[in-house]
Amino acid sequence: MAGRHPGQRTGLLGTGDGDGGIRAQPGTGGIDSGGRAGADRPGAPGDHRRYPGGALDRFHRRGGPGLVPVKGSERPVVKLPANTRSGTREGHGGSESPTSAARLRDVTRRFGPVTALEGVSFDLVPGEIHGLLGENGAGKTTLARILGGLLAPDEGQVEIGGREVALRSARAARARGVAMVHQHFSLVPRFTGFENIALFNGGAWTAKGMAAPDYRDRVEARATELKLEVDLDVAVEALGVGARQRIEILKALMSETGVLLLDEPTAVLAPREVDGLFAVLREVAGAGTGIVLVAHKLDEVLAAADRVTVLRRGRWVMTEAAAAVSAKGLAEAMVGGVVVGFEASRRTVRHTSQDSARAGESVAAVASLRSVNVTRDGQPALRGVTVEVRRGEVLGIAGVDGNGQRELARVLAGIRTPDSGHATLPAEVGWIPQDRGGEGLVNDFTISENVAFALHGKDTCRRGPWLDWAGIEHAAADLVREMDVRATSPAAAAATLSGGNQQKVVTGREFLRSGDLLVAESPTRGLDVKATVAVRSRIAALARDGDHPPGVVLISADLDEILELSDRIAVMVRGRLVPVPRDSHNTRDIGELMLGAQQSGGSR
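First residue of the sequence shown: 6, per this note's numbering; consecutive thereafter.
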């Protein structure tokens, strides 16, 4: 792999105060030679808000030309065009500002009989963070993939920097200054951060296939400019999730980038890492890059974004300044009505199923592990884990991905046999895996066929030794309706569904099982607000169901979810299960424990 040239520096980067910026290609407009947003755009009135905890200064937009610095902030402020608050162009989102970093005009995209986007227009201004919201299947990912060159529109136009383009591939999009950071990182685990960055960027290499002598300096300078703290000399597999994400962002921004697309970037981050990510995005936006933030967590979008666009069932619904809307208003715009239980789901309170146990009453264990050890790729993944899961309780397992949660879930689900130790499990276990496509579904099977995996033992779905497909299809139709799965019918193949709708099928199917234990790995990851409320309500109800409710193990990096649903909480830290005292059941204390898993030695 690429060698290191003499005199290269090592260690953490990004602590300097670089003032450089991204320069626009000639004729694109919007970013001047100093890396600032163009001063020829009209302004719009606005406000000054801070991210909760004071981590970030928001843009302060005022009337008049040019840039207006935010008092106490180091970065320039992007002035949004005056007509961006509600998307005035023919009722669609976006303005007619000539300085758009990217614009979609009346874009339609179909997948067979399903219309993913219908006549959608979207405008991204240089230097803004633009939140993109919608229910599962609303078209968010399709829109981002069109901008990223991964999909071509069936109808409509794509413009980058004011010029109409035909983006036939991700490589073509990168050549136009568009980069995308996916939720699942595209890094080589055994390579260092620098090697991954160099591998991705063609300009890093000489004709002899060696890293250019000055490329290391360029990477370090870019990290310093963006205040990105990265360790370039450590193998990616030894880094925590937050550090890997910073490598991905730096990798994407090493070439001239006017548009940065991020898909669910906070899904696996601890709370303090979310603050750090948003600070980095502000630096990137401050250099003139327009950022599209595809997300489901409404509070985070409102904290980070300057504007938000909502899609519903493939159509544009609204584009507003983030300061002008609330999380409740966004949720209602996403679903087209009131979200029942939305406010209740935001209150992290759970004191129901285990009150009797806390009063000293004995509750039977439905599953237990004793001194369980498991290895992964020759390295310890679970280290002496001992735990009981009690009937009628929700045991919340928090932690940053990569600390042993995957192996713990597989042992509890009966998928993985411990290398040593003892596991006692019930006869039937429900399992909602994190990898819905790879482990939760057979993608070539229909929805009904996938649902059959949970019903084959039920009398209502059997006729003697044979499966009763009429009963199974009826159950699948009920699931599609109750979980609001966006599909043409239960006969649709799982592969034709969006990621969020696949998650609904897997989750709804496992709720149909009648086992004594449910293992749920990130059950609401990738779900929209309405589906999230529904799934969390079902989990809470399941643990109170009748005289013999199952025990539930909830494994999630979403602390709001853990705190809302759990009776007991533990944190996975480098393969060990650390119980959290009841007086530490709060975001700050649990978040610090989660971060300790990385600070004490990486993600293993």
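Idealized CB from N, CA, C, for every residue including glycine.
- Burial check for S571: the Cβ neighbour count within 10 Å reaches 16 or more, so the residue is buried.
- Note that the region 163-181 does not touch the region 526-543; fewer than 3 beta-carbon pairs, one per stretch, sit closer than 8 Å.
- Following the DSSP letters along the chain, one finds F199 inside the alpha helix (DSSP H) bounded by residues 198-205.
- Straight-line measurement puts the Cα of T512 at about 16 Å from the Cα of I477.
- At the C-beta level, A372 and L522 come within 7 Å of one another.
- With 16 or more other CB atoms across the displayed protein chains lying within 10 angstroms of its CB, P131 is buried.
- Counting along the chain, the unbroken beta strand (DSSP E) around M323 starts and ends at 320-326.
- Secondary structure note for R195: it is in no alpha helix (DSSP H), with a DSSP letter that is neither H nor E.
- When DSSP states are grouped into helix, strand and coil, I252 belongs to the helix group.
- DSSP places Q410 inside the alpha helix (DSSP H), whose first and last residues are 410-417.
- Contact check for V306 against V273 fails: the beta carbons are separated by 7 Å or more.
- For G341, there is no enclosing alpha helix (DSSP H), as DSSP marks it with neither H nor E.
- Here M259 really is in contact with I202; their C-beta atoms are around 6 Å apart, less than 8 Å.
- Residue environment analysis places N408 among the buried positions, since at least 16 neighbouring C-beta atoms fall within 10 angstroms of its C-beta.
- V558 is a Cβ neighbour of L400, given a cutoff of 7 Å.
- Assigned with DSSP and collapsed to three states, Q507 falls in helix.
- Taking each of I254, E433, A545 in turn and checking the Cα distance to K463, the smallest one comes out for E433.
- By a beta-carbon distance limit of 8 Å, G136 does not contact A403. Their separation comes to about 26 Å.
- With three or more CB-CB distances shorter than 8 Å, the region 137-150 counts as touching the region 117-129.
- Between V379 and D440, the C-beta gap is not smaller than 7 Å, which leaves the two residues out of contact.
- R549 counts as exposed, since fewer than 16 other C-beta atoms from the protein chains shown sit within 10 angstroms of its C-beta.
- For N141, the secondary structure class from DSSP, reduced to helix, strand or coil, is coil.
- Taking the C-beta atoms as reference points, G505 is found nearer than 7 Å to G531.
- Non-local C-beta neighbours of V540 in its own chain, meaning closer than 6 Å and more than five positions away in sequence, comprise T512, P528, T529, ordered along the chain.
- Residue range 452-456 is occupied by the alpha helix (DSSP H) that includes V456.
- The Cβ atoms of L387 and G182 lie no closer than 7 Å to each other.
- Judged by beta-carbon spacing, A178 lies within the 7 Å limit of G154, meaning their Cβ atoms are closer than that value.
- If you draw a straight line from the Cα of V405 to the Cα of L255, it comes to about 21 Å.
- Inclusion of E487 and I437 in the CB contact set at 7 Å is not warranted, their separation being larger than that value.
- Of all C-beta pairs linking the region 264-271 to the region 218-230, fewer than three are shorter than 8 Å, placing the two stretches out of contact.
- L192 and E242 have their C-alpha atoms spaced approximately 9 Å apart.
- In the DSSP assignment, T113 forms a beta bridge with E160.
- DSSP, read as helix, strand or coil, puts I420 in coil.
- For E393, DSSP records a beta bridge to S373.
- L568 counts as buried, since no fewer than 16 other beta carbons sit within 10 angstroms of its beta carbon.
- Assigned with DSSP and collapsed to three states, S542 falls in helix.
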